[in-house]
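In the order they appear, the protein sequences are chains X and F. Sequential numbering of the first sequence, starting at 0, is according to our numbering. Sequential numbering of the second sequence, starting at 2, is according to our numbering. Just so it is clear, CB atoms sit at the ideal spot from N, CA and C, and this is done for glycine as well. Everything on this sheet refers to the single structure shown next.
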Amino acid sequence: MMNRRMRRAIAGTLALTALGATACTDTTVEPKSAVTEANAFTSPLAYQQFLARVYSGLAISGQQGPAGRGDIQGIDEGFSQYVRLLWSAQQLPSDETVLGWGDVGLPELNTQLWGSANPFLVALYYRVFFQVSMANEFLRQTADARLAERGVAAGLQAEIQTYRAEARFLRALSYYHGMDLFGSIPLVDETFPVGSTPPQQATRQQIYDFVVSELTAIIPNLPASTPQNYGRATRAAGQMLLAKVYLNAQVYTGTPRWSEARQAVEQVIASPHTLDPNPRRPFMADNHTSPEIIFPVIQDGVRTRTWGGMTFIIHASCGGNQMQDSNFGISGCWWGLRMKPQAFSRFSAGDGRAATFFTSGQTVAVASIGDWFAGIPAAKFSNRTSGGAAGSDPTHVDTDFPMFRLADAYLMYAEAVVRGGGGNPALALQYVNALRERAFGNNANNITAPQLTLDFILDERSRELLWEGHRRQDLVRFGLFTGGTYLWSWKGGTQAGVATAAFRNLYPLPASELVANPNLTQNPGY
Amino acid sequence: MLMRRFGSYLALAAGLLGAAPLAAQGGTGTVRGRVVDDGQRPLQGVTVSVAGKTVLSSASGRFVLTEVPAGPQAVKARRLGFAPVSQDVTLLAGQTLDLELVMTIQEVQLAEIVTTGYGEQTAGSVTGAVSQVSTEEFNKGRIVSPAELIAAKVPGVQIVDNNEPGGGLAIRIRGATSINASSEPLIVIDGMPIGTSNGGGTSAGRDALNFLNPNEIETITVLRDASAAAIYGANGANGVVLVTTKAGKARQAPQVEYTVTTSASEVTRLPTMLNADQFRAAVTTFAPNNAAQLRNENTNWFGQVGRTAFGQEHTLAVSGSSDRTTYRLSLNYLNQDGVIQPAGVERIGIGINLSQRLLNDRLNVKLNLRGARNSDQFLPGGLLGNTAQMGPTQPVFDAAGVGGFYDWPGNALTSPDNPVAISQLAVDRGITFRGFGNVQAQYSVPGIEGLTANANLGFDVTDVDRATFDPSTLHAQRKTGNGGSTTRRNQSLVNAVVETYLTYNAPGKVGPGALELTGGYSYTRSSSNELRLEANGLATDFLGINGVPAARVAQNFQDIQESKLISFFGRANYNIDDKYLLAFSLRRDGSSRFGPANAWGMFPSASLGWRLSEESFLKGGAFSDLKLRASWARTGNQAFANYQQYVAFLPSDQGTSYFFNGQFIPTIRPNAVDPNIKWEATRTVNVGLDFAFKGLPVTGTIDVYDKETSDLIFTVPVAAGTNLSNFVTTNIGSMRNRGVELGLSIRALEGRNGGLGWTADFNAARNQNELLSINPAAVGAAAQRILTGEVAGGVGTTIQVLQPGSPVNSFFVYQTRRGPDGLPIRVNNPAGANVASDSALYVDQNGDNRINVDDRRAFRDPAPRWIIGHSSYLTYRKFDLGFTLRAWLGNYVYNNVASNLGTYAEVGRASPYNLHTSVLQTGFAGPQYLSDFYVEDGSFLRMDNLTLGYSFDLNRKPARFFITAQNVFTITGYSGVDPTAGLRGIDNNIFPRARTFTGGLSLRL
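Here it is, written out as structure tokens:
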């Protein structure tokens, strides 16, 4: 028989071993240094902060400035910023711009030779949908039931209704970009839960209808254009977006909407925005004070930093041995962006809008895309204020990106009128001449009514809105972006320019997206 | 609930209680005693038989046989690998005879004790693919990190260091099994698993084992196949490395050992850049605008930042034993400079191993304690890159320059920085304190013969302090307007382990064979608290890394990471006459990293061994041992980031607020998650053969394996709009590693009586990796590709791809059209630069008549097809000579220095860059980053190690003098710095490999 000591020893051993085993079987460890879904909205400020993030999706690339904790993956984070990608897609293949760097996928954007794996186009597509996803999540988190569940105060609930309209504006804005660039894309709204199955592809018409109906529904709920609301989606911004969609409706749906475009633009012009008496200020570090800007993407050298956006445009517009970086309020030039000769030669002597063009040591012709000294840098944007002060940081700029501004609305009005959208031709002429008077500093270069043709408007748009991210869309609307009617340097890959196929009016859907979402059909030609 | 989980566990214990022995009766006696080897170490599992009764010896070597008939008897002891012993005794009725049976090893390769997870086994009865390397076989010379000890020694184990002394080091056992989780094996030191938190235990970018003095390691055991590793469940998929440190030996008089070594290292291969004349010619021809900037010096920039690096190491160890106590204390000091200034490492380490037997030897308590302070000097960022870029026509010093250093005029953003200034002014250093230890208690439970209770309590505490400082006077700071910057990173890591388990060696046979059971519980908790500070625009440079002055921008971060792993495990080994060997194990792991729906995972294994040489039909044959092994196992990998299952609303930092309602406000962003995230699962099948020949001094082993990893933790694109980002980390995709491994050991010459002795080891392993799928739902659609492998040149340029059907990280490049000379075809402009258009230079893979990034293809990959190692050890009289050779075949390397600087465009920058000499061959006018011309065959043969020793007696105690050369020579066709350029095969300004000569003396005092 075992003695007591033995039994005690056995029992003790087993008890100790079992104690170890019973000590813990709970594997849960909640994050400590992170705010989870469970407690994110305990603060009433969270709704503002989340909406601000939907806005900042246009301005920054991640939650760490200038780069870090990126929003999207698969591309260098600095490249992944919304404005930089949008701007590159609208400018580089056009007759206005070349970018001389050899980064993978970049050279082919200058020449309309891109394919469906082009990293910039892939990232642009995902940027569009990142905005859509953020807006959808905001709408889900602010649904009435969720607000009631969290016991949100009535006053805040009312304010959140405005926020929801703004989120829907931002979603519509990105769908407009997606429709403009990629054509038929999925239509995902807040009714699709996170982690849902791949959505169906919508037609371009369906996206168009969605954007129009959304804007029509929310414009009354958007905030007014006041200095306090600078940077937010105001009613004027909503009308401007609607006008843009109508102006390009023929491209999107086959049916022109000139009259609707003209009416929406009239609303914009009727808003408190006015032309800036200083024609340079809308492009400088203090452009947040310009009355002309209807919808900016805000940047700040210290508080809203990115390697994309205006930081990219201003740094890349500077180079060579003669341009002084400090003249632009920056430290260090990136030697990238110049004009194609067609854009440069569109300006006549005395046009103040050409005053910043830096010609010394540069050739007009672009013999080589990679050679900084081939092509004239436009140097339109600056990180110095209209008063000459440098921005708050020499690397990251204070200059906001003027996505929509009143001068554009003036030219859109003129175009809608000339294209038969009704309205007042004399007013159209007056608007165009207002821009020319501001540019030349006198009325000697004003045009007459017969001179206000579509060709003139297209050229004037290039002069007034040079490098502002409109050019590809304009050329597509005028039927000149592809084909052989209008050739420019490096169109199709040669310096003289060759005709390109019409399918390049649309960008390809990303090759990776076709795999992730088997419901999608690639755009023809790719 | 809980009880059910332990049902079998308790049932086992209950069953054991009934097995208590009965008291002796009349007419019989008791034979009991201890079986030991000739070094007095107790032998477990020895079959002791007398008068038809059989028993197995316990862990302490003890055995008891009762009811043995009185009279003369022969007591026989038998164990695999040992010469059988028979002792005649005469037993009186009622007598209890005490015996000590001493057994001597007959066949080393069978008798050797092999460490396994939660136990040990004799090599002859192991059923998995397990390799053990011990002190005398280790690589010699200046070795900072323990894993280098077994480089080229174990088949299928790839060890890749980054050439820096004490630098990061990667171990791959049978190829990479993961893409986004870690592919590093689990490392267990004296029973204490380390690094179970993601990256936990690492110290500021250095190898996690640097705290451990390699001289203090007794054996390193690699569990290569999954059946051996499966007892570690969700940490076992990448294989397991078991490290056993040296302990005091039983019955050993106190002994003091002292070893001193000094070393000198020189740089071997460097990037081949243009010399001053070539550089001047390139600038004058291709960027005449820049010619005015050139000076007339002839500076070898690599020579300026390089140096002959010296090192020294002292190890003092005191060991010994008393009756029931063994101890070993060690003290280690190492100081090794790197061949590029100011790289270097300094370490002070102590170690204590203490073992105490208590309670009539029933309780054995072992204490292992290690403490170390590592001081690392890292190369400041950009040093090597700027050394390559800096023009050789320019001077190092310039009296008019800031701080007396020369800088290119114009202060352009892209101008190279003077590397000598970086080397001398910038600081990047880390100090790591590491305390590591555990207490193991092993208790032979009285009353139940063969039952042992084990407890293991361990801790691993790391405190890291990393600081960088770039003074405002540095060119890089001035040109960016940064104005001086400093960073601090303080991280505390704590890892605590509690493990309890029972082992039961049935004292008699259970059925036809011997049974051994192990079952237990393990609890690991890891936490990390990191504080980080980054400051730019410093008010003064005066404080250096010793203070943080007022700064233009200062940001602080804190990050707490915690994780838990809770496990239940069990194993059964069944051995029928050393002929049929069976092993099963099962582990159930719960991890805080798994989503609630998948909180627990089950990881089983089964293996069997058949010693054919024991069968009658082979007994008279050529084999002294022939064992066929087969195993199947499922292991897991949970070495991925914490909190993947939680939607976090990530706040913006102060640089990413947004202007809303009249002010800049912080923002919050929800991240994309998969709430059901779980372990990666690896299924492994292994078939192996161990063999030894009669009359031939050759033993060997062959293994064939197939590993398939599914549910890869993979960050993959998701359908746009369906989640909160375009990529989500989820369990998707699968990959496979298949291969064969061969190990041979030849005692060619015995070297008796001071004659020539020669032992040769040879190993070879072939592994083929293939990514099977990324998104199984996308079958039939265009192949999904994920780009990876960022390189220098352009921004965000990637050179590798993950795509089904290709090995992971295959290079993803254009196929270059080549002329008859094998070089890329040329279309020269008047100046002589190659301006061939993309369509002339590259093959149009998709046939759309234009060359764009869609024309890249997967081409070669960085993993070697074959890894071959050879070690020889020769002795003659008092001399010994050892060397290690290593070869990789079929590994490819992207020569990034050549692709980035091998174009005349680079002399056209605001300040010209020096060019890589490949431009003289290609003539490229512009960069061709994606050309397969830069993907080079990195196959090589290298003599890693050559040691000559001389043994002699000093004061009648053994002493040895030795000299070692490391990295003696490398034969390769690769043109860059080092064909082992990391696991990713990207040679981009990597630290050059040093050739090191070490001389040393070992003494006993």
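- For the pair of segments examined, the region 348 to 358 of chain X was found to touch the region 375 to 384 of chain X: the number of CB pairs separated by less than 8 Å reaches three.
- Counting of Cβ neighbours within 10 angstroms places Q227 (chain X) among the exposed residues, the total staying below 16.
- In terms of CA proximity to Q90 (chain X), X:K339 leads the group X:K339, X:T305, X:F128.
- Under the three-state reduction of DSSP output, L91 (chain X) falls in the coil class, being neither helix nor strand.
- Closest in C-alpha terms to I991 (chain F), from the list F:G168, F:D862, F:A960, comes F:G168.
- Proximity of A721 (chain F) to chain X, defined by a Cβ-Cβ separation below 7 Å, is satisfied.
- Comparing alpha carbon positions, the residue from X:G390, X:V365, X:A501, X:D399 closest to Q494 (chain X) is X:V365.
- Against G927 (chain F), the close residues of chain X are G101, G369, in the order they occur along the chain (beta-carbon pairs closer than 8 Å).
- Here the alpha carbon of S60 (chain X) sits roughly 20 Å from the alpha carbon of E535 (chain F).
- Taking 7 Å as the cut-off, the Cβ atoms of G56 (chain X) and Q130 (chain X) count as close.
- Shown here for F379 (chain F): same chain residues with a beta carbon closer than 6 Å to its own, the five before and five after excluded, namely D429 in chain order.
- Contact annotation: the region 431 to 438 of chain X touches the region 403 to 417 of chain X, with at least three C-beta pairs closer than 8 Å.
- Q313 (chain F) and G339 (chain F) have their alpha carbons spaced roughly 12 Å apart.
- Taking 4 residues as the minimum length, the region 527 to 573 of chain F contains no alpha helix (DSSP H) run wholly inside it.
- From the beta-carbon of P30 (chain X), the residues of chain F found nearer than 9 Å are I561, Q562, E563, N643, Y644, Y647, A649.
- For T668 (chain F), the nearest CB of chain X lies under 7 Å from its own CB, placing it at the interface with that chain.
- Across the structure, Y581 (chain F) and L494 (chain F) are spaced so that their CA atoms are roughly 45 Å apart.
- DSSP places Q361 (chain X) outside any alpha helix (DSSP H), giving it a letter other than H or E.
- Cβ proximity to chain X below 7 Å picks out K480, T481, G482 from the region 466 to 485 of chain F.
- In the DSSP assignment, W257 (chain X) falls within the alpha helix (DSSP H) that extends over 257 to 269.
- Excluding sequence positions up to five before and after Q133 (chain F), its CB lies within less than 8 Å of the CB of E113, V115, T116, A124, T220, I221, T222, V223, all in the same chain and listed in chain order.
- When DSSP states are grouped into helix, strand and coil, A37 (chain X) belongs to the helix group.
- If you ignore the 5 residues before and after I180 (chain F), its C-beta comes within less than 7 Å of the C-beta of L713, F715, L803, V809, all in its own chain and listed in chain order.
- If you draw a straight line from the Cα of G939 (chain F) to the Cα of G891 (chain F), it comes to about 7 Å.
- In the structure shown, L317 (chain F) falls within a strand segment according to DSSP collapsed to helix, strand and coil.
- Beta-bridge partners assigned by DSSP to A152 (chain X): none are found.
- For A837 (chain F), there is no enclosing beta strand (DSSP E), as DSSP marks it with neither H nor E.
- Contact between the region 171 to 191 of chain F and the region 90 to 98 of chain F is not established, with fewer than three Cβ pairs separated by less than 8 Å.
- In the DSSP assignment, Y505 (chain F) falls within the unbroken beta strand (DSSP E) covering 486 to 506.
- The C-alpha of E149 (chain F) is placed about 51 Å away from the C-alpha of S316 (chain X).
- For the region 30 to 54 of chain F, there are no residues whose beta carbon sits under 7 Å from a beta carbon of chain X.
- The beta carbon of A60 (chain F) does not come within 7 Å of any beta carbon belonging to chain X, so the residue lies off that interface.
- Q74 (chain F) sits away from A60 (chain F), with the two beta carbons spaced by 7 Å or more.
- Taking the Cα positions, A642 (chain F) is about 19 Å away from T683 (chain F).
- Per DSSP, the continuous beta strand (DSSP E) segment holding R767 (chain F) begins and ends at 758 to 774.
- The DSSP-derived three-state label of E158 (chain X) is helix.
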